[in-house]
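A short write-up of the structure that comes next.
Number of protein chains: 2
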Amino acid sequence: MKALSEITAKDGKARLSEVTLANGKFQTPCFMPVGTRGAVKHLSSLDMKDLNAEIILGNTYHLMLRPGADLIKKHGGLGKFANWDGLTLTDSGGYQIFSLKPKVEDEGATFRSIYDGSSHHLTPESASSIQADLGADIQMVLDVCSALPAERNVLKDAVDRTALWAERARTAFLTHPTANEKQSQFGIVQGGTDTSLRIESTERTVEVGFDGYAIGGLSVGEGRSEMLEPVDVVTDLLPEDQPRYFMGLGDPVGIVEVVARGVDMFDCVLPTRLARHGTVLTSTGRINLSNARFIGDDQPLDPTFENSPASSWSRSYLRHLLVTGEPTAPRILTLHNLAWMFDFVSKLRKSIVDGEFEEFHKQTLEIWG
Amino acid sequence: MKALSEITAKDGKARLSEVTLANGKFQTPCFMPVGTRGAVKHLSSLDMKDLNAEIILGNTYHLMLRPGADLIKKHGGLGKFANWDGLTLTDSGGYQIFSLKPKVEDEGATFRSIYDGSSHHLTPESASSIQADLGADIQMVLDVCSALPAERNVLKDAVDRTALWAERARTAFLTHPTANEKQSQFGIVQGGTDTSLRIESTERTVEVGFDGYAIGGLSVGEGRSEMLEPVDVVTDLLPEDQPRYFMGLGDPVGIVEVVARGVDMFDCVLPTRLARHGTVLTSTGRINLSNARFIGDDQPLDPTFENSPASSWSRSYLRHLLVTGEPTAPRILTLHNLAWMFDFVSKLRKSIVDGEFEEFHKQTLEIWG
């Protein structure tokens, strides 16, 4: 089902919108936490509700291997399986698969399971069908994701195969007995850091026609300006009334930069991964809690963020739990970092409504740039 | 301060009581979860409040080494450090130290830190003073804990040294500037499985005079009947109006057996450790969730325990998280096992009030024996 973006405010290219899916709505700009195997690490669906999360990601690659798409389908889909009544999105598995050096042909990709080494095969059609079984509100097409930097011909081949797969994935989705009623399917624009290829990939993806559009294959190690240049040209070519999703981005600067270029959605493991390593997001920048300067510090993690779910405990106490390896620490830091990120995005949204996005953008670069 | 037990019901030797400490009261029989380093693994003080926990244990050995008693004192004691407004108890460190093969003399014990190998020394006096800094509501004397089985002369030496240390610990506690106002100090009865030595140790400990009494050095691998025989003779000699604490016990059968013999308090890492290994407490006995028979099982962990904090999720989902190593699983299983244990003890209490403890005892043996 077409994901419709109702734009309620704009400030430059930055958009505030409400996106309507088959089974619910969400506000953008929207940060989506990653629950790789059906749970955000250390958290439950009740925690995600307490955090007011709107959409949670699941990884098709992991879920198709463990516990398997059939099992999740039997339980009524990923949301019901995890007892999460908010919205869900599954990636296509492409990103993980391409990090495993798969055998790729026009027909599909053959790769090994990290769990038991067994061989698996994914095609644009099966990736869509598996995601229909996983039953998330949004499914993503299988795309070809090149590591960067890459030669132009490598990027061009990836764009071509991504376009070929996009058509087949769309046909599979639309002819699936139930997917289109319950789910939206997003296409993915590739092309690396090459602006002309990004333009070509955008045009070819929009021509196929999807329910929403993603920008893939960036934020994979390239420089910030290399990452941002293609974003502007892509969003200029995407339909205004459908959501735009930048895949794999979750740092404050990256978020304001892509929102400034008209992006609505983004996801990343960064806030939760940082938390597990003791790095805490605060209004004055990152702190690493294992640093000895926090011994005896009786302030909360971010003294200006009163609604943090970690505000009951001091840096001193949480540092102690962190450095002694107590699993309570990564849990509390994960809650904090996600709440902080949602609060950040909430302030970002408000700045768009108030026509103060440029100021918010500038402040974010000053603290985090 | 003397911990006063007001007995509100009895059924045989099983007692229901309300214990008054300097800063609060608690109900017995009482299961105390273990927060080794100031947190129960995977849980926070807010979780413990949700679970209606009354007292939480901290381990002096661990806390004196990391983060150090001085730091905890600076934060206002263990409860304030962890933002836990319920009651706390610290062990003396003896149990951990004796598992490290320390050098023990009449004066005290010298042992190494598991954190950095550094050498440390603990005396009855310093164990009391450190626990005064930790500031728990109940502190325990430093005792000599023999591994079992042991020769009678080894047990006798341990009883003698424990008695010597008890006197010195009591003097240190009573002459400490603030400890006696804020804390209660419990003596510990030793003597292994030797009934005559248990009698001697009880008499000598009661003669020193403590605010409450513990039975130590049991539930360390001996058989069930060897464990229980000394309990009866000890509780017969302990004052009626003070609490009795069996150290290191947390299985349903063990609990009913010691409560049947007049014990009020018990602690154990068992329910939380089992949870981390996927073993779940249920009304029909233990289940190991990693077992393949739980694949696709859409029941909650214990279908008859509706108030479980895990009741939102199926065995199938939690098994998936468990076998893929997701840290959400040990957290949810820990919450379940602790809630289950508190519910079990709550039913046990009710059976005493209702004069049906014998029936409860029998049923527990049938399911768990």
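Sequence order for the protein chains is A and B. Each residue of the first sequence is one higher than the one before, counting from 0 in numbering that gives the first Met the number 0. Each residue of the second sequence is one higher than the one before, counting from 0 in numbering that gives the first Met the number 0. Positions of the beta carbon are idealized from the N, C-alpha and C atoms, including for glycine.
Option nearest Phe185 (chain A) by Cα separation, candidates A:Ile198, A:Pro176, A:Gly215: The sequence position of residue 185 (chain A) within the first sequence is 186, counting from 1. The residue with the shortest Cα to Cα distance from Phe185 (chain A) is A:Gly215.
According to the neighbour-count rule (16 or more other Cβ atoms, all chains shown, within 10 Å of its Cβ), is Ser195 (chain A) buried or exposed? Indexing the first sequence from 1 puts residue 195 (chain A) at position 196. Exposed: under 16 other Cβ atoms inside 10 Å.
Using a C-beta cutoff of 8 Å, does Thr327 (chain B) count as contacting chain A? Taking the second sequence and counting its residues from 1, the one referred to as residue 327 (chain B) is at position 328. Among the CB atoms of chain A, one or more fall inside 8 Å of the CB of Thr327 (chain B).
Looking only at its chain, what residues have a beta carbon closer than 7 Å to the beta carbon of Pro101 (chain A), apart from the 5 residues adjacent to it on each side? Residue 101 (chain A) sits at position 102 when you count from the first residue of the first sequence. For Pro101 (chain A), the CB contacts under 7 Å within the same chain, skipping 5 residues up- and downstream, are Ala108, Thr109, Phe110 in chain order.
State buried or exposed for Lys361 (chain B), treating a residue as buried only when at least 16 other CB atoms are found within 10 Å of its CB. What you label residue 361 (chain B) is simply residue 362 of the second sequence in a count that begins at 1. Classification for Lys361 (chain B): exposed.
Quick one: which chain B residues come within Cβ less than 9 Å of His74 (chain A)? The sequence position of residue 74 (chain A) within the first sequence is 75, counting from 1. Within 9 Å Cβ-Cβ: Gly295, Asp297, Ser313, Ser315, Tyr316.
From Lys12 (chain A) to Arg330 (chain A), what distance separates their C-alpha atoms? Here residue 12 (chain A) refers to the residue found at position 13 of the first sequence. Here residue 330 (chain A) refers to the residue found at position 331 of the first sequence. The alpha-carbon separation between Lys12 (chain A) and Arg330 (chain A) amounts to approximately 36 Å.
CB contact check: Phe80 (chain A) to chain B, cutoff 8 Å: As a first step, residue 80 (chain A) must be located in the first sequence, where it is residue number 81. When Cβ-Cβ separations below 8 Å define contact, Phe80 (chain A) makes contact with chain B.
When the distance is taken between beta carbons, is Ala178 (chain B) closer than 8 Å to Ala135 (chain B)? Here residue 135 (chain B) is taken as the residue at index 136 of the second sequence, counted from 1. Here residue 178 (chain B) is taken as the residue at index 179 of the second sequence, counted from 1. Their beta carbons are not under 8 Å apart, which means Ala135 (chain B) does not touch Ala178 (chain B) by this criterion.
Would you decide whether Val352 (chain A) is buried or exposed? Buried here means 16 or more other CB atoms lie within 10 Å of its CB. Translated into positions along the first sequence, residue 352 (chain A) becomes position 353. Under this definition Val352 (chain A) is an exposed residue.
Please list the segments of the alpha helix (DSSP H) lying wholly inside the stretch 18-90 of chain B, counting only runs of 4 or more residues, in order along the chain. Those alpha helix (DSSP H) runs which fall completely within the stretch 18-90 of chain B and span 4+ residues are 44-49, 59-64, 68-73, 77-80.
Which chain B residues are close to Pro330 (chain A), counting only those with a beta carbon under 8 Å from its beta carbon? Taking the first sequence and counting its residues from 1, one reaches residue 330 (chain A) at position 331. The sequence given here places Arg at residue 330 (chain A); Pro does not occur at that position. His41, Ser43, Pro326, Arg330, listed in chain order.
Look at the Cβ atom of Ala168 (chain A), then the Cβ atom of Leu133 (chain A), and state whether they are nearer than 8 Å. One-based indexing of the first sequence puts residue 168 (chain A) at position 169. One-based indexing of the first sequence puts residue 133 (chain A) at position 134. Contact annotation: Ala168 (chain A) and Leu133 (chain A) have beta-carbon atoms that are not nearer than 8 Å.
Name the DSSP bridge partner or partners of Thr7 (chain B)? Translated into positions along the second sequence, residue 7 (chain B) becomes position 8. Beta-bridge pairing links Thr7 (chain B) to no other residue.
Who are the neighbours of Thr323 (chain A) on chain B, taking C-beta pairs under 7 Å? Residue numbering aside, residue 323 (chain A) sits at position 324 when the first sequence is read from its first letter. Near Thr323 (chain A) (Cβ distances below 7 Å), the residues of chain B are Arg36, Arg65.
Assuming Phe97 (chain A) is part of the alpha helix (DSSP H), what are its boundary residues? Your numbering for residue 97 (chain A) matches position 98 in the first sequence. Note, Phe97 (chain A): alpha helix (DSSP H), 93-97.
Any idea what DSSP makes of Ile214 (chain B), helix, strand or coil? In the second sequence, counting from the first residue as 1, residue 214 (chain B) sits at position 215. Reduced to three states, the DSSP call for Ile214 (chain B) is strand.
Can you find a CB in chain B that lies within less than 8 Å of the CB of His335 (chain A)? Numbered from its first residue, the first sequence carries residue 335 (chain A) at position 336. Chain B, which has no Cβ nearer than 8 Å to the Cβ of His335 (chain A), makes this no.
CA nearest to the CA of Cys267 (chain A), picked from A:Glu124, A:Val33, A:Asp297: By 1-based counting over the first sequence, the position of residue 267 (chain A) is 268. Of the candidates A:Glu124, A:Val33, A:Asp297, the one whose C-alpha sits nearest the C-alpha of Cys267 (chain A) is A:Val33.
Among B:Thr87, B:Ala157, B:Met63, B:Ser311, which one has its Cα closest to the Cα of Asp105 (chain B)? Position 106 of the second sequence holds residue 105 (chain B). The candidate whose alpha carbon is nearest that of Asp105 (chain B) is B:Ala157.
Cβ of Ser200 (chain B) within 8 Å of Cβ of Ala162 (chain B)? Here residue 200 (chain B) corresponds to residue number 201 of the second sequence, with the count starting at 1. Here residue 162 (chain B) corresponds to residue number 163 of the second sequence, with the count starting at 1. Between Ser200 (chain B) and Ala162 (chain B), the CB-CB gap stays under 8 Å.
Under the criterion of a Cβ to heavy atom distance below 7 Å, does Glu17 (chain A) qualify as lining the ligand FMN? Annotation note on the ligand FMN: not contained in the displayed structure, which lists no ligands.
Any C-beta of chain B within less than 9 Å: which residues of the stretch 242-276 of chain A qualify? Only those residues of the stretch 242-276 of chain A whose C-beta falls short of 9 Å from the nearest C-beta of chain B are listed: Arg275.
Given that a residue counts as buried once 16 or more other Cβ atoms are within 10 Å of its Cβ, and exposed if not, what is Asn336 (chain A)? Reading the first sequence from its first residue, position 337 is the one you call residue 336 (chain A). Answer is buried; the Cβ neighbour count reaches 16.
His41 (chain B), buried or exposed, once every other Cβ within 10 Å from all chains shown has been counted against 16: Indexing the second sequence from 1 puts residue 41 (chain B) at position 42. Buried is the call here.
Does DSSP put Met0 (chain B) in a helix, in a strand, or in coil? Counting from 1 along the second sequence, the entry for residue 0 (chain B) is found at position 1. DSSP places Met0 (chain B) in coil when its eight states are reduced to three.
Comparing alpha-carbon positions, which option in A:Val279, A:Ser128, A:Asp240, A:His61 lies nearest Ile113 (chain A)? The residue you call residue 113 (chain A) lines up with position 114 of the first sequence. Here the closest residue by C-alpha is A:His61.
Looking at Leu88 (chain A) and Leu56 (chain A), is the spacing between their C-beta atoms short of 8 Å? Taking the first sequence and counting its residues from 1, one reaches residue 56 (chain A) at position 57. Taking the first sequence and counting its residues from 1, one reaches residue 88 (chain A) at position 89. Cβ distance < 8 Å, so Leu56 (chain A) and Leu88 (chain A) count as in contact.
Under the three-state reduction of DSSP, which class applies to Leu121 (chain B): helix, strand or coil? Residue 121 (chain B) sits at position 122 when you count from the first residue of the second sequence. Note: Leu121 (chain B) maps to strand in three-state DSSP.
State buried or exposed for Asn306 (chain A), treating a residue as buried only when at least 16 other CB atoms are found within 10 Å of its CB. As a working mapping, residue 306 (chain A) is identified with position 307 in the first sequence. By the 10 Å Cβ count, Asn306 (chain A) comes out exposed.
Helix, strand or coil for Gln130 (chain A)? Go by DSSP, reduced to three states. Here residue 130 (chain A) refers to the residue found at position 131 of the first sequence. In the three-state reduction of the DSSP assignment, Gln130 (chain A) falls in the helix class, which pools H, G and I.
Can the beta-carbon of Ser16 (chain B) be found less than 8 Å from the beta-carbon of Asp263 (chain B)? Along the second sequence, read from residue 1 onward, the residue named residue 16 (chain B) stands at position 17. Along the second sequence, read from residue 1 onward, the residue named residue 263 (chain B) stands at position 264. Ser16 (chain B) places its beta carbon less than 8 Å from that of Asp263 (chain B).
By Cβ distance, which residues of its chain are closer than 7 Å to Val251 (chain B), with the 5 residues on each side in sequence left out? The residue given as residue 251 (chain B) occupies position 252 in the second sequence. Contrary to the premise, residue 251 (chain B) reads as Pro rather than Val in this sequence. So the qualifying residues of the chain are Phe343, Thr363, Trp367.
For a test of the three-state rule: what should DSSP assign to Met246 (chain B), helix, strand or coil? Taking the second sequence and counting its residues from 1, the one referred to as residue 246 (chain B) is at position 247. Three-state DSSP puts Met246 (chain B) in coil, outside helix and strand.
Enclosing beta strand (DSSP E) for Gly277 (chain A) [first to last residue]: Indexing the first sequence from 1 puts residue 277 (chain A) at position 278. Where Gly277 (chain A) is concerned, there is no enclosing beta strand (DSSP E), given that its DSSP letter is neither H nor E.
Pull up the CB-CB distance for Phe25 (chain A) and Gly249 (chain A), whole angstroms please, since I reckon it's below 8 Å. In the first sequence, counting from the first residue as 1, residue 25 (chain A) sits at position 26. In the first sequence, counting from the first residue as 1, residue 249 (chain A) sits at position 250. At roughly 17 Å, the Cβ-Cβ gap does not stay under 8 Å, so Phe25 (chain A) and Gly249 (chain A) are not in contact.
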